[in-house]
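Structure first, commentary second.
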Amino acid sequence: MARCEDMTLMLGPFEDGELEPHEMQEVARHLVGCIQCDGELADYRSLAVSLRGAVTTPNLTGFNAAVLAQIAELPIPIRARIRRYVTSFADGLGATIATGFAAAAIAVITAIILTPYFRGSHFNFDLHGHQEVASIAPLASNPGFVPAAKSEGALPLPPEITTGLAGTDDLGDSGSAIHPVEANSGTIIDRLEAESPSVAVWSEPRSDTTVIWVPDQSR
Amino acid sequence: MSRALRPDADETELLERARNGDSEAFGALVERYQRRVVGVAQAVVHNQDDAVELAQETFVRAYENLAKFESRSSFSTWLYRIAANLSIDFRRREGRHQILRGEDAETEINRLPSPRGDSYQETVRTELSKRIKDALKELTPEHRAVILLREVEGLSYDEISDVLQVPRGTVMSRLHYARGRMRATLKDLGRS
Numbered sequence: 001m002a003r004c005e006d007m008t009l010m011l012g013p014f015e016d017g018e019l020e021p022h023e024m025q026e027v028a029r030h031l032v033g034c035i036q037c038d039g040e041l042a043d044y045r046s047l048a049v050s051l052r053g054a055v056t057t058p059n060l061t062g063f064n065a066a067v068l069a070q071i072a073e074l075p076i077p078i079r080a081r082i083r084r085y086v087t088s089f090a091d092g093l094g095a096t097i098a099t100g101f102a103a104a105a106i107a108v109i110t111a112i113i114l115t116p117y118f119r120g121s122h123f124n125f126d127l128h129g130h131q132e133v134a135s136i137a138p139l140a141s142n143p144g145f146v147p148a149a150k151s152e153g154a155l156p157l158p159p160e161i162t163t164g165l166a167g168t169d170d171l172g173d174s175g176s177a178i179h180p181v182e183a184n185s186g187t188i189i190d191r192l193e194a195e196s197p198s199v200a201v202w203s204e205p206r207s208d209t210t211v212i213w214v215p216d217q218s219r
Numbered sequence: 220m221s222r223a224l225r226p227d228a229d230e231t232e233l234l235e236r237a238r239n240g241d242s243e244a245f246g247a248l249v250e251r252y253q254r255r256v257v258g259v260a261q262a263v264v265h266n267q268d269d270a271v272e273l274a275q276e277t278f279v280r281a282y283e284n285l286a287k288f289e290s291r292s293s294f295s296t297w298l299y300r301i302a303a304n305l306s307i308d309f310r311r312r313e314g315r316h317q318i319l320r321g322e323d324a325e326t327e328i329n330r331l332p333s334p335r336g337d338s339y340q341e342t343v344r345t346e347l348s349k350r351i352k353d354a355l356k357e358l359t360p361e362h363r364a365v366i367l368l369r370e371v372e373g374l375s376y377d378e379i380s381d382v383l384q385v386p387r388g389t390v391m392s393r394l395h396y397a398r399g400r401m402r403a404t405l406k407d408l409g410r411s
């Protein structure tokens, strides 16, 4: 049997449940046969009860409010300020994005309709019209080519061209104008340039296209 | 935008919200731990008014340093450690052993509940309380803090070790000494 001097150090932790399991068993076995240690343990228990009864808790009414009041007076740290700002910004972000998209869409539509961008694109349509005119030349090399000025649904060729073509048509009556044998691009270009000095004609070898530049008729 | 606070809100959630400046969430944490924080401070300074003030300061300090709190220890242990440090500093600053002042002790004794209203029982209880307080006076602040944290606040040895920042073995030896000393003092008082 363990000695009481050895046990006395373990009685408190035994009461508090802070011993290892094998130590708990050892103390418990000792207490069964030792009145002195058992009495000491009983004293510890009654001391704990007395202490809990004697030490009173102060009245804590208003404690929470007092703490929060002190906290409210604290200067807000910069990090906390930034965090709060970000949080509030994130809350309103959905509405901001929707509004932003709507504003951007309106701005784009306005820019297209009311600004020079729109006019610029209209100008491009004019150029496109000229390109259509330019595409006549390759057609001229085809055996079934009909001069634009004479065909139905003709492109609006300027008078220089139509005059020139009319002349060639006249020549064609004699079998020498746009004859399949003679109607190559070089001949046509030479003839057009000779008969109508204000018309520029050149060949684009890369695209295999003959370009006819006609001055603006509105002037 | 502040979300509504659930009565059973998780401590982690409360801490996160408190970190973001939600005072309502921090108020819930104060409500949850105020009694024990006051108890820890009271165990060290042994004066109720000082303990309440120190506990309030504890919560303010905790709020200021919430960003530094890492969840390696529990929030409650962290709070108790702040309270114990502030209380130990206070005791050193005051340069006195804060035993219950005479008037304060009488007030406390009068506050003790009287379940049966029996005058004899009340006299016995008052007398016993007085003896306990006298026995506590005989202890050093270090021994008194340990026995009160254990017996009144119910902290484990490891928690006491963490809060007071002393080894577990020191907690055990101080507790053993305090119990033995109080037992002896109470027996002497009983005989006299």
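Chains as they are written, first to last, in our numbering: chain A, 1 to 219; chain B, 220 to 411. Just so it is clear, CB atoms sit at the ideal spot from N, CA and C, and this is done for glycine as well. Since the structure is predicted, the reported quantities are computational estimates derived from the model, not experimental observations.
By the CB criterion at 8 Å, LEU374 (chain B) and VAL385 (chain B) fall outside the cutoff. Close partners of ARG400 (chain B) in chain A (Cβ separation under 7 Å) are lacking, with about 11 Å as the shortest Cβ gap.
Among the residues of chain B, those whose CB is under 8 Å from the CB of TYR44 (chain A) are ARG398 and ARG402, following chain order. The contact set of HIS395 (chain B) on chain A, defined by CB atoms closer than 7 Å, consists of LEU9 and GLY12 in chain order. Interface flag for VAL385 (chain B) against chain A is unset, since no Cβ pair is found closer than 8 Å. In the three-state DSSP reduction, ILE76 (chain A) falls in the coil class, being neither helix nor strand.
Of all residues in the stretch 45-64 of chain A, only LEU47, ALA48, SER50, LEU51, ARG52, GLY53, ALA54, VAL55, THR56, THR57, PRO58, LEU60, PHE63 and ASN64 come within less than 8 Å of chain B when Cβ atoms are compared, listed by chain position. Counted as a single uninterrupted DSSP element, the alpha helix (DSSP H) harbouring ALA95 (chain A) occupies residues 93-114. Setting aside the 5 residues that flank it on each side, GLU357 (chain B) is surrounded in the same chain by THR404, each with a C-beta closer than 6 Å to its C-beta; the list follows chain order. A direct Cα-to-Cα measurement between LYS406 (chain B) and LEU298 (chain B) gives close to 36 Å. DSSP places GLU204 (chain A) within a strand segment (E or B) once states are collapsed to three. Put simply, the backbone Cα of ALA262 (chain B) is about 16 Å away from that of GLU276 (chain B). In summary, ASP308 (chain B) is exposed, with fewer than 16 beta-carbon neighbours lying within 10 Å of its beta-carbon over all protein chains present. Each residue's CA atom was taken as its position, placing ALA281 (chain B) and HIS362 (chain B) some 26 Å apart.
The beta-carbon distance between ARG251 (chain B) and LEU47 (chain A), rounded to whole angstroms, is 29 Å. This is too long to meet the 8 Å contact definition.
Looking at the DSSP output, ILE212 (chain A) bridges to A:VAL201. Under the 8 Å criterion on CB atoms, ALA270 (chain B) is classed as interfacial with respect to chain A. Put simply, of A:ASN59, A:ARG52, A:LEU11 and A:ALA105 the residue whose alpha carbon is nearest the alpha carbon of ASP38 (chain A) is A:LEU11. Here the alpha carbons of ASP190 (chain A) and SER196 (chain A) stand approximately 10 Å from one another. If you draw a 10 Å sphere on the C-beta of LEU248 (chain B), you find 16 or more other C-beta atoms in it, and that means buried. Distance between LEU273 (chain B) and ASP353 (chain B), taken at the CA atoms: about 24 Å.
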